[in-house]
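Under my numbering, the final residue of the sequence shown carries the number 450; numbering is consecutive throughout.
Note that CB positions come from ideal geometry on N, CA and C, so glycine has one too.
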Amino acid sequence: MANLKVNVAGVEFKNPVITASGCYGFGQEYEKMYPLSKLGGICLKGTTYNEKLGNPPPRIAETPAGMLNSVGLQNPGVKHLLEEDLPYLLDKGTVLIANAAGSTPDDYRMLVEELDKSPIDMIELNISCPNVKSGGLTFGASCEDAAAMVRLIRKATTKPLMVKLTPNVTDIVSIAKAVEAEGADAISLINTLVGMRIDIESRRPVLHQNTGGLSGPAVFPVALAMVWKVASAVKIPVVGLGGIEKWQDAIEMMLAGARAIEIGTALFYDPYAPLKIIDGINEWLDREGIADINEIVGTVRPW
């Protein structure tokens, strides 16, 4: 059996498979099916400083090879996370990553200051949220805004800081370099792509918010290309996500340069996907005669 341990920003994971934020809740429901200790890590439900009710329905819809969502970061707030959800998870034997979200820089700062005092292992900074003070443009849509956010949050925590990038930009590499320069310890990508469907009978969009985030296998080639470009351009670790549903996808991501991977939408139709991916990776490494998974990271051979 190959060594599956990976290190991301000083945090050791027993294997490179992490469940993505927003797709695994706080883990309790899945523990009825298998021990959470089998996972490399859990990226917890996106959390804001105060409780958030999210967007009105309909807010989830299926698409060919994917899913649209505009849930709107519904969550119970950081106090509930720290007092109710986190204590339950602390003895489960897996890395715990908080996903931090907000509407203003102060929202983020106050949230991260609370997370900094907690036993959480790592913070994933979600800069795909709309900045209400900048007319709704997402924090991660420009180098300047992304850098400013990371600069602010870097002062608010000593925890390992992983910045989650939006793909809805012109040049994701420049934004990755900008957050690296301001102290990000790792980068995760990609978040969802903007998408839309219309009900031709009612002539209304299928989502109440009109557009939403597209995820699932349909976005995998886009995610893979962006991971490869970013991993080739930065020195900090990259965690790849976006459309991964089987072990072959995970290996592709790692060949492209990802140190670890996150599983998201696949969990909705196959809750055992992370375990199947872990087993598949291990079997492939054994067949290839590779003793350590880290040996394959970034070894794609471009033409």
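Measuring alpha carbon to alpha carbon, tell me which residue in the options is nearest residue i.
i, options, result
"residue 309", "273, 285, 340", "273"
"residue 296", "173, 317, 328", "328"
"residue 169", "182, 389, 376", "389"
"residue 196", "228, 179, 421, 241", "228"
"residue 428", "417, 410, 398, 446", "398"
"residue 190", "447, 204, 165", "165"
"residue 253", "395, 448, 298", "298"
"residue 336", "343, 268, 418, 410", "410"
"residue 392", "423, 373, 333", "423"
"residue 235", "210, 333, 183, 246", "183"
"residue 264", "238, 293, 239, 233", "233"
"residue 341", "381, 332, 231, 315", "315"
"residue 381", "394, 368, 331", "331"
"residue 311", "302, 303, 325", "325"
"residue 221", "230, 345, 247", "247"
"residue 176", "402, 415, 435, 437", "415"
"residue 261", "372, 200, 304", "304"
"residue 239", "321, 259, 174", "174"
"residue 447", "401, 425, 434, 172", "401"
"residue 244", "386, 450, 293, 317", "386"
Reducing DSSP to helix, strand and coil, say where residue i ends up.
i, result
"residue 326", "helix"
"residue 309", "strand"
"residue 383", "coil"
"residue 230", "helix"
"residue 367", "helix"
"residue 347", "coil"
"residue 377", "helix"
"residue 290", "helix"
"residue 321", "helix"
"residue 156", "coil"
"residue 295", "helix"
"residue 236", "helix"
"residue 451", "Nothing can be reported for residue 451: it is not among the residues displayed for the chain, which extend from 148 to 450."
"residue 333", "strand"
"residue 208", "strand"
"residue 217", "coil"
"residue 340", "strand"
My guess is that residue i and residue j are in contact by the Cβ rule of under 8 Å, so how many angstroms apart are they, rounded?
i, j, result
"residue 212", "residue 363", "6 Å"
"residue 439", "residue 149", "6 Å"
"residue 270", "residue 306", "5 Å"
"residue 355", "residue 202", "6 Å"
"residue 256", "residue 300", "7 Å"
"residue 188", "residue 251", "That belief does not hold up - the Cβ atoms of residue 188 and residue 251 are roughly 28 Å apart, past 8 Å."
"residue 377", "residue 443", "No, residue 377 and residue 443 are not in contact; Cβ-Cβ is about 18 Å, not under 8 Å."
"residue 421", "residue 186", "6 Å"
"residue 431", "residue 375", "Rounded, the Cβ-Cβ distance is 19 Å, inconsistent with contact."
"residue 290", "residue 322", "5 Å"
Please list, in chain order, all residues of the same chain as residue i whose beta carbon is under 7 Å from its beta carbon, the five residues on each side excluded.
i, result
"residue 350", "none"
"residue 153", "160, 163, 406, 407, 440, 441"
"residue 158", "242, 268, 269, 307"
"residue 193", "168, 169, 220, 222, 246, 248, 273"
Who are the Cβ neighbours of residue i in its own chain at under 6 Å, not counting the five residues just before and after it?
i, result
"residue 313", "275, 285, 287, 338"
"residue 412", "214, 362, 363"
"residue 224", "197, 198"
"residue 370", "337, 389, 390"
"residue 425", "162, 164"
Leaving out five residues before and five after residue i in sequence, what residues of the same chain have Cβ atoms less than 8 Å from its Cβ?
i, result
"residue 205", "353, 354, 355"
"residue 180", "418, 419"
"residue 210", "342, 344, 361, 363, 365"
Return yes when the C-beta of residue i is under 6 Å from any heavy atom of the ligand ZN, and no when it is not.
i, result
"residue 184", "The model on display carries no ligand, and the ligand ZN is accordingly not part of it."
Alpha helix (DSSP H) runs wholly inside the segment 238 to 286, at least 4 long, in chain order: 252 to 263
- request: Return the chain-ordered ranges of every alpha helix (DSSP H) run that is complete within the segment 383 to 436 and spans a minimum of 4 residues.
  value: Fully enclosed alpha helix (DSSP H) runs of no fewer than 4 residues occupy 394 to 402, 413 to 416, 420 to 435 of the segment 383 to 436, in order along the chain.
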